[in-house]
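To keep things clear, I will list the structure first and then write my remarks on it.
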Amino acid sequence: MKNKSPKVQLKRLISQLLIFISANLRPLGVKTGFCYPFFYCNACPAATSACPLRSIEQSLYHSSFKWKLFFYPFLILGFFGSTSGRAVCGWACPIGLLQRATSKIVRRLHKKYSFFKKLANHPIEPYMRYMKYIVLITLVMLTPFLIDFMFTDICPVGFLTGTIPTVIIFPGKFVPNVFFTAALIIFILFIILIFTVERGWCRYFCPIGAILAPFNKISYLHVARVPQEIFDKECLHCNACSDICPMGIDVPNMTRSPECILCGKCIEVCPKDLIHFERG
Ligand code: SF4
Ligand code: SF4
Ligand code: SF4
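Heads up: the sequence shown begins at 483 in my numbering, then just goes up one per residue.
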């Protein structure tokens, strides 16, 4: 079923802003008891919910498997993933919103310095995207189980939304732990990444993106092209769809890409209306 909705980007911005606000209502006494279906840190002084990665790590910590705590974030992410794939990344996640804000700077940088564009188009780039699955399996699942170390010890999102606000609001209360220096270095690298590669964190490293990505293959809502015979006849090969894609997807050749965040930009830009949101 086709659905070329107008003003998709405005609706997306409103959705991202409202969800960002609703994720930060603890000062008003709101605490949901659930975990977020996206990337946000429960150490943030304003956070209303728990980080799904932290729940997974805690369920495995010190070799004792707490199965309810383990499956709970997967159930939440699985629900959103099976209904709308990575739409959570495009329409809800505050870290997605942050990278939406930095994307204009990234594009300007790529226009001005061809080095960055070449780097983004390097043949190794598609393989870099597997890093997020490696981070999920090793740092979120294996190391908490095997040794006393977990991804959230060095998480740059935790540093941004938990450590920095805590230091600002409660300077006397903050006590740096043994991972502080490593977390600071990774945070600096994270900032460099999101200002040099559009949605760099989502493409290469986000473990929640790694959980959601495979659902794009089966999700009820997804982005699709018109049937191949019509596409072959109508496509102008202008590449406008791929050029505007924040996830760097080769849109004319995409079939339910695990990287698609359902942002709808390719749908809006195609002069021949060959791409659409599809249900079913
Ligand atoms: S990939 Fe991760 S950081 Fe990016 S939008 Fe999705 S959940 Fe958020
Ligand atoms: S393929 Fe289209 S909808 Fe998917 S991320 Fe790229 S521009 Fe957005
Ligand atoms: S924007 Fe439309 S016409 Fe242009 S390459 Fe993409 S699918 Fe083809």
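C-beta atoms are modelled at their ideal positions from N, C-alpha and C, and glycine is treated no differently.
- Between the beta-carbon of Leu-559 and that of Ile-743 there is about 14 Å, and that puts the pair past the 8 Å contact cut.
- A distance filter of 5 Å between CB atoms and the heavy atoms of ligand 1 selects the following residues in sequence order: Phe-520, Phe-521, Cys-571, Cys-575, Ile-577, Gly-578, Cys-684, Cys-688, Ile-690, Gly-691.
- Proximity of the beta carbon of Gly-746 to ligand 2 is indicated: a heavy atom of the ligand is located closer than 7 Å.
- For Asp-732, the CB contacts under 7 Å within the same chain, skipping 5 residues up- and downstream, are Ser-724 in chain order.
- Counting only runs of at least 4 residues, the stretch 586-622 fully encloses the following alpha helix (DSSP H) elements, listed from N- to C-terminal order: 596-602, 607-610, 613-617.
- Phe-759 sits in a strand when the DSSP states are folded into three classes.
- DSSP, read as helix, strand or coil, puts Arg-681 in coil.
- Counted as a single uninterrupted DSSP element, the beta strand (DSSP E) harbouring Val-705 occupies residues 703-707.
- Taken through DSSP and simplified to helix, strand or coil, Cys-517 comes out as strand.
- Contact between the stretch 579-593 and the stretch 643-655 is absent, with fewer than three C-beta pairs closer than 8 Å.
- Per the coordinates, the alpha-carbon of Pro-519 lies some 35 Å from the alpha-carbon of Lys-754.
- Cys-752 and Leu-580 have their C-alpha atoms roughly 26 Å apart.
- Secondary structure remark: continuous alpha helix (DSSP H) runs of at least 4 residues inside the stretch 528-560, in chain order: 534-542.
- For Ala-569, the enclosing alpha helix (DSSP H) covers residues 569-573.
- Of all alpha-carbon atoms in Ser-739, Ile-757, Pro-728, the one lying nearest the alpha-carbon of Ile-587 is that of Pro-728.
- At a Cβ-Cβ threshold of 8 Å, Ser-564 and Phe-552 do not count as neighbours.
- Exposure of Val-660 is indicated by the presence of fewer than 16 other C-beta atoms within 10 angstroms of its C-beta.
- A contact between stretches requires three or more CB pairs, one per stretch, nearer than 8 Å, and the stretch 609-628 fails this requirement with the stretch 491-509.
- Judged by the Cβ position, His-719 qualifies as a neighbour of ligand 3 at the 7 Å threshold, a heavy atom of the ligand being closer than this.
- Taking C-alpha positions only, Ile-577 is separated from Glu-711 by approximately 38 Å.
- Around Ser-497, the same chain offers Trp-573, Ala-574 as residues with beta carbons nearer than 7 Å, after the five sequence neighbours per side are excluded.
- With a threshold of 7 Å, the Cβ atom of Pro-626 does not count as near ligand 2, since no heavy atom of the ligand is closer than that.
- Straight-line measurement puts the Cα of Tyr-612 at about 28 Å from the Cα of Ala-525.
- Between ligand 2 and the CB of Val-588, the shortest heavy atom gap is not smaller than 7 Å.
- Inclusion of Thr-643 and Cys-517 in the CB contact set at 8 Å is not warranted, their separation being larger than that value.
- Straight through space, the alpha carbons of Val-705 and Arg-761 are spaced by roughly 9 Å.
- Ranking Ala-722, Cys-688, Phe-713 by CA distance to the CA of Thr-737 puts Phe-713 first.
- Secondary structure at Ala-692: helix, using DSSP grouped into helix, strand and coil.
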